[in-house]
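Peer 1:
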Amino acid sequence: MEQLTSNEVIEWGKQFLEKSEKEITADELKEQKKYAILIQNPNDKALLSKMLDESSQIHDNKKLARRMKLLIEHYGVPQFFSSSDAYLLKLFTAFGYWFDFIAVPIFKKRLRSDTSKVIINEKASLLNRHLNARYEQNIGQNVNLLGEVVLGDGEANHRYEHYLEALKDPRINYISIKISGIYAQINALNYAQNKIDLCERLARIYKQAMDYPFVDEKGNKKAKFVNLDMEEYKDTELTLDVFKTVLSYPEFKNYSAGIVVQAYLPDAWSFQTELLEFATKRVAEGGAPLKMRLVKGANLQMESIVSSLKGWENPVLSTKVEVDANYLHVLDRALLPENARAMHVGVASHNFFSLGYAYLLAQKNGVEEFVTFEMLEGMANHLPRVMRQLGKQIILYTPVVKDEHFLNAVSYLVRRLDENTGVDNFLSYSFNLKTDSKQWEFLKNQFEQAYAMKDKLELSPRRKQNRLTTKTTETSETFETFKSEPDTNFDLRPNRQWAENIRKEWKKSENDTPYTIPVQIGDKEIITEKQFSYIDHNQDGETCVCKTSLSNLEQVKEIIAIAENDAPEWRKTIMEQRNLILHQTAENIAAKRGHLIGCMSAITGKTFAEGDVEVSEAIDFCRYYPVTMNRFMKLDTVKITPK
Numbered sequence: 025m026e027q028l029t030s031n032e033v034i035e036w037g038k039q040f041l042e043k044s045e046k047e048i049t050a051d052e053l054k055e056q057k058k059y060a061i062l063i064q065n066p067n068d069k070a071l072l073s074k075m076l077d078e079s080s081q082i083h084d085n086k087k088l089a090r091r092m093k094l095l096i097e098h099y100g101v102p103q104f105f106s107s108s109d110a111y112l113l114k115l116f117t118a119f120g121y122w123f124d125f126i127a128v129p130i131f132k133k134r135l136r137s138d139t140s141k142v143i144i145n146e147k148a149s150l151l152n153r154h155l156n157a158r159y160e161q162n163i164g165q166n167v168n169l170l171g172e173v174v175l176g177d178g179e180a181n182h183r184y185e186h187y188l189e190a191l192k193d194p195r196i197n198y199i200s201i202k203i204s205g206i207y208a209q210i211n212a213l214n215y216a217q218n219k220i221d222l223c224e225r226l227a228r229i230y231k232q233a234m235d236y237p238f239v240d241e242k243g244n245k246k247a248k249f250v251n252l253d254m255e256e257y258k259d260t261e262l263t264l265d266v267f268k269t270v271l272s273y274p275e276f277k278n279y280s281a282g283i284v285v286q287a288y289l290p291d292a293w294s295f296q297t298e299l300l301e302f303a304t305k306r307v308a309e310g311g312a313p314l315k316m317r318l319v320k321g322a323n324l325q326m327e328s329i330v331s332s333l334k335g336w337e338n339p340v341l342s343t344k345v346e347v348d349a350n351y352l353h354v355l356d357r358a359l360l361p362e363n364a365r366a367m368h369v370g371v372a373s374h375n376f377f378s379l380g381y382a383y384l385l386a387q388k389n390g391v392e393e394f395v396t397f398e399m400l401e402g403m404a405n406h407l408p409r410v411m412r413q414l415g416k417q418i419i420l421y422t423p424v425v426k427d428e429h430f431l432n433a434v435s436y437l438v439r440r441l442d443e444n445t446g447v448d449n450f451l452s453y454s455f456n457l458k459t460d461s462k463q464w465e466f467l468k469n470q471f472e473q474a475y476a477m478k479d480k481l482e483l484s485p486r487r488k489q490n491r492l493t494t495k496t497t498e499t500s501e502t503f504e505t506f507k508s509e510p511d512t513n514f515d516l517r518p519n520r521q522w523a524e525n526i527r528k529e530w531k532k533s534e535n536d537t538p539y540t541i542p543v544q545i546g547d548k549e550i551i552t553e554k555q556f557s558y559i560d561h562n563q564d565g566e567t568c569v570c571k572t573s574l575s576n577l578e579q580v581k582e583i584i585a586i587a588e589n590d591a592p593e594w595r596k597t598i599m600e601q602r603n604l605i606l607h608q609t610a611e612n613i614a615a616k617r618g619h620l621i622g623c624m625s626a627i628t629g630k631t632f633a634e635g636d637v638e639v640s641e642a643i644d645f646c647r648y649y650p651v652t653m654n655r656f657m658k659l660d661t662v663k664i665t666p667k
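Heads up, the sequence shown is in this note's numbering, so the first residue is 25 and it goes up one at a time.
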């Protein structure tokens with residue numbers, strides 16, 4: 025295939041920008057200027073994010089009013105507000121907050137109104153008006169139903185039924201769903217049962233999409249399209265597995281469905297490989313093609329925070345340029361004729377250069393009929409119209425929410441606000457963009473770097489923890505600095521197998537002889553007649569895991585005497601020795617992690633996840649105290665005596 029040059033894409037981007045300047049309306053331009061001011065003032069962004077977030081968390085109007093007053097006083101009145109809005113905010117902070125029963129409902133109503141173009145009201149009359157308007161513009165709608173956070177089966181069942189009900193709506197022909205939205209009990213160590221339950225639910229949703237087909241203006245019927253969204257990295261394997269499994273059922277052989285691939289994951293290439301193999305085989309056997317919706321990624325902050333808390337590698341590519349490069353790399357293979365026919369492509373981006381690359385490459389490869397261009401509803405709304413003028417299929421990702429659940433959708437707003445005003449994000453520079461500006465040069469250079477990098481990326485998964493094979497090793501360097509021990513990532517397949525091995529080893533039967541823990545007195549180990557039995561709380565019956573010898577009074581006195589006399593002479597050891605001994609203890613604990621978890625589970629009923637963090641904490645204690653104690657001992661004013 026003929027290579028697409030970066031200059032071709034840049035030239036296309038210039039022409040696209042010229043068209044978009046002519047297309048934008050006065051109201052949209054006004055909105056753009058507000059965003060531009062917001063981006064230039066981090067203070068405004070912080071205030072808006074906090075106000076959005078806290079308005080959904082604080083349910084007491086009086087407390088919320090006072091909290092808003094404090095926030096405005098701290099951050100100041102946002103510069104992107106109009107003069108009338110700024111005046112109202114000043115009145116609110118002066119005395120309006122006392123009238124919370126008036127001010128807070130007005131604020132929430134205004135918030136709903138101001139975000140109505142980004143989050144569409146699910147009220148039938150309003151939603152239908154919006155869908156009809158987009159339909160007349162020949163712009164598709166990928167409806168994303170927002171609602172209450174799914175914390176339990178009740179919420180999950182409600183959301184599941186909500187999806188089924190939405191698919192009955194004759195105006196909706198395309199929806200996005202998330203596995204975490206229809207199922208509340210996702211647990212890595214219950215993967216097999218999770219898969220069974222989710223396959224049952226997803227199959228019902230696909231069946232509903234077929235039973236209530238969309239009828240176009242010519243009377244043609246077609247099954248509604250269901251797109252499976254990707255969320256956090258932890259759910260990627262299960263999402264792919266469920267998607268492929270359900271679409272392998274005979275009843276869905278002729279049904280087309282879609283799934284998201286996130287380019288900010290280096291794993292995107294392997295995910296695409298897996299999907300292409302599945303889709304190609306499916307089409308070769310007479311089945312319907314599938315679709316990959318390619319996005320940059322939408323959970324960066326969450327991935328970063330979880331990685332930091334757990335001590336895991338961040339699964340996301342390090343820089344925006346790398347993400348853009350991976351996006352182009354995946355597109356190169358996706359838009360090959362033999363691949364695009366089996367797995368259609370949704371190019372989801374607002375970046376002129378990403379759009380241009382896909383547009384021109386699809387043209388060169390003759391696969392334009394298999395490609396759609398997808399953007400966010402309410403974000404730079406003139407751009408979809410420009411793409412539509414170019415004769416392309418446009419689909420807008422459209423969040424929809426009921427009034428009573430609007431505040432639950434605020435997290436979506438905050439996330440979008442954070443993404444779209446990020447320091448490296450294309451939309452941050454696209455407001456009032458001119459081809460001769462510094463912003464244009466920055467974006468052009470960013471694309472050129474991504475283009476040069478696209479075939480040179482290291483695309484192996486960042487998270488490679490494997491408890492089946494990994495052995496922890498200490499170096500002398502680690503004795504001087506503290507680094508927390510990573511918890512086990514049970515989302516990774518080898519670690520799930522490791523957990524299963526623990527379960528098999530520690531699940532005792534009544535025929536197993538329980539081991540016995542002796543009383544230890546100095547260097548002597550004594551099995552006493554009086555013993556306490558530990559019963560496995562995870563099983564029915566009286567399966568004994570182990571028996572503990574119990575000390576009598578004389579033995580306890582002997583133990584205390586040995587401790588007081590310090591027979592091993594621990595008190596005489598210098599800090600360097602203690603450091604080595606305790607770090608070796610940490611190594612020993614780490615080596616026995618599996619047995620410690622199995623023992624805790626069998627004897628106390630702890631889950632593996634609960635036991636795992638306990639082991640990490642014990643390892644951390646052994647490393648943290650000698651390192652910090654060493655610094656403490658160097659203080660001249662400190663004298664240490666044994667307790």
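Beta carbons are placed, not taken as given, at the ideal position from N, Cα and C, and that holds for glycine.
Determine the closest residue to Leu300 out of Leu318, Asp253, Ala364 and His186, with distance taken between C-alpha atoms.
Peer 2: Selected option, being the one with the closest Cα: Ala364.
Peer 1: Under the DSSP definition of a beta bridge, which residues are partnered with Tyr198?
Peer 2: Looking at the DSSP assignment, Tyr198 forms a beta bridge with Phe249.
Peer 1: Helix, strand or coil for His83 per DSSP?
Peer 2: Residue state, collapsed to three classes: coil.
Peer 1: By Cβ distance, which residues of its chain are closer than 8 Å to Gln417, with the 5 residues on each side in sequence left out?
Peer 2: Counting only Cβ-Cβ distances below 8 Å, and skipping sequence neighbours, we find Gly164, Val395, Thr396 and Phe397.
Peer 1: Taking 7 Å as the threshold (C-beta atoms), are Pro423 and Leu170 in contact?
Peer 2: Yes, the pair counts as a contact, with Cβ atoms nearer than the cut-off.
Peer 1: I'd like the list of long-range same chain contacts for Val354, defined as Cβ closer than 8 Å, with 5 residues on each side in sequence excluded.
Peer 2: Here the set comprises Val285, Ala287, Ala292, Trp293, Gln296 and Leu318.
Peer 1: What's the gap between the Cα of Leu456 and the Cα of Phe632?
Peer 2: Correcting the residue type first, residue 456 is Asn in the shown sequence and not Leu. Roughly 54 Å separates the two Cα atoms.
Peer 1: How many Å lie between Met657 and Thr665 at the Cα?
Peer 2: Looking at the two C-alpha atoms, the distance is approximately 12 Å.
Peer 1: Can you give me the Cβ contacts of Thr493 inside the same chain, cut-off strictly under 8 Å, excluding the 5 residues immediately before and after it?
Peer 2: Excluding residues within five positions, the ones whose Cβ falls inside 8 Å are Pro518.
Peer 1: Do three or more CB pairs link the segment 183–199 to the segment 224–242 at distances below 8 Å?
Peer 2: The segment 183–199 is in contact with the segment 224–242.
Peer 1: Go ahead and pull the three-state DSSP assignment for Gln39.
Peer 2: Helix at Gln39.
Peer 1: What do you get for Thr652, buried or exposed, if any count of 16 or more other CB atoms within 10 angstroms of its CB means buried?
Peer 2: It is exposed - the Cβ of Thr652 has fewer than 16 other Cβ atoms within 10 Å.
Peer 1: From what residue to what residue does the beta strand (DSSP E) around Phe556 run?
Peer 2: Unbroken beta strand (DSSP E) run through Phe556: Gln555 to Ile559.
Peer 1: At 4 residues or longer, what runs of the alpha helix (DSSP H) sit wholly inside the segment 222–272?
Peer 2: Taking only runs of at least 4 residues, the alpha helix (DSSP H) segments lying wholly in the segment 222–272 are 260–270.
Peer 1: Measure the C-alpha to C-alpha separation of Asn162 and Glu362 and round it to an integer number of angstroms.
Peer 2: In a straight line, the C-alpha of Asn162 is about 28 Å away from that of Glu362.
Peer 1: According to DSSP, is Ala372 part of a helix, a strand, or is it coil?
Peer 2: Three-state DSSP puts Ala372 in a strand.
Peer 1: Tell whether a beta-carbon distance below 7 Å holds between Arg183 and Ile210.
Peer 2: Cβ distance not < 7 Å, so Arg183 and Ile210 don't count as in contact.
Peer 1: If I follow the unbroken beta strand (DSSP E) through Gly282, where does it start and stop?
Peer 2: Taken as a continuous stretch (DSSP letters only), the beta strand (DSSP E) holding Gly282 covers Gly282 to Gln286.
Peer 1: Look up Lys315 in the DSSP assignment and say whether it is helix, strand or coil.
Peer 2: Reduced to three states, the DSSP call for Lys315 is strand.
Peer 1: Thinking Ile586 and Ile545 are a contact (beta carbons under 8 Å), I'd like their distance in whole angstroms, please.
Peer 2: Right, the Cβ-Cβ distance comes to about 7 Å (below 8 Å), so this counts as a contact.
Peer 1: Span of the alpha helix (DSSP H) holding Lys416?
Peer 2: Premise fails: Lys416 is in no alpha helix (DSSP H) and is neither H nor E.
Peer 1: Is there contact here, the segment 274–281 with the segment 464–472, by at least three beta-carbon pairs under 8 Å?
Peer 2: These segments do not touch.
Peer 1: Which residues mark the beginning and the end of the alpha helix (DSSP H) in which Glu298 is found?
Peer 2: Run containing Glu298: Ala292 to Ala308, per the alpha helix (DSSP H) assignment.
Peer 1: Assign Ile550 to one of three DSSP states: helix, strand, or coil.
Peer 2: Here Ile550 sits in strand by DSSP.
Peer 1: Using only CA atoms, which one of Asp644, Tyr111, Ile329 and Asp124 lies nearest to Val611?
Peer 2: According to the sequence displayed, residue 611 carries Glu and not Val. It is Asp644.
Peer 1: Checking the sheet assignment: what are the DSSP bridge partners for Leu400?
Peer 2: In DSSP, Leu400 forms a bridge with Tyr421.
Peer 1: For Glu327 versus Tyr257, is the C-beta distance shorter than 7 Å?
Peer 2: For Glu327 and Tyr257, yes; Cβs fall inside 7 Å.
Peer 1: Return yes when the Cβ of Leu113 is within less than 7 Å of the Cβ of Val4, no when it is not.
Peer 2: The question about residue 4 has no answer, for the chain in this structure spans 25 to 667.
Peer 1: Measure the beta-carbon distance from Ile203 to Val250 and round it to whole angstroms, keeping in mind my assumption that it falls under 8 Å.
Peer 2: That belief does not hold up - the Cβ atoms of Ile203 and Val250 are roughly 12 Å apart, past 8 Å.
Peer 1: Quick one: Cα of Asn181 to Cα of Asp221, how far?
Peer 2: Going from the Cα of Asn181 to the Cα of Asp221 covers about 12 Å.
Peer 1: When the Cβ atoms of the segment 118–134 are set against those of the segment 380–392, are three or more pairs found closer than 8 Å?
Peer 2: With the cut-off at 8 Å, the segment 118–134 and the segment 380–392 do not touch.
Peer 1: According to DSSP, simplified to helix, strand and coil, what is Thr661?
Peer 2: Coil at Thr661, not helix or strand.
Peer 1: Evaluate Trp336 with the Cβ neighbour count: other Cβ atoms within 10 Å of its Cβ, from every protein chain shown; 16 or more gives buried, anything less gives exposed.
Peer 2: Label assigned to Trp336: buried.
Peer 1: Let's see if you can read the secondary structure: which residues bound the alpha helix (DSSP H) around Gly164?
Peer 2: Not the alpha helix (DSSP H): Gly164 falls in the beta strand (DSSP E), residues Gly164 to Leu169.
Peer 1: With a threshold of 8 Å, are at least 3 pairs of Cβ atoms found where one atom belongs to the segment 41–55 and the other to the segment 65–79?
Peer 2: Judged by Cβ distances under 8 Å, the segment 41–55 makes no contact with the segment 65–79, as fewer than three pairs qualify.
Peer 1: Helix, strand or coil: how does DSSP classify Gln563 here?
Peer 2: Correct three-state label for Gln563: coil.
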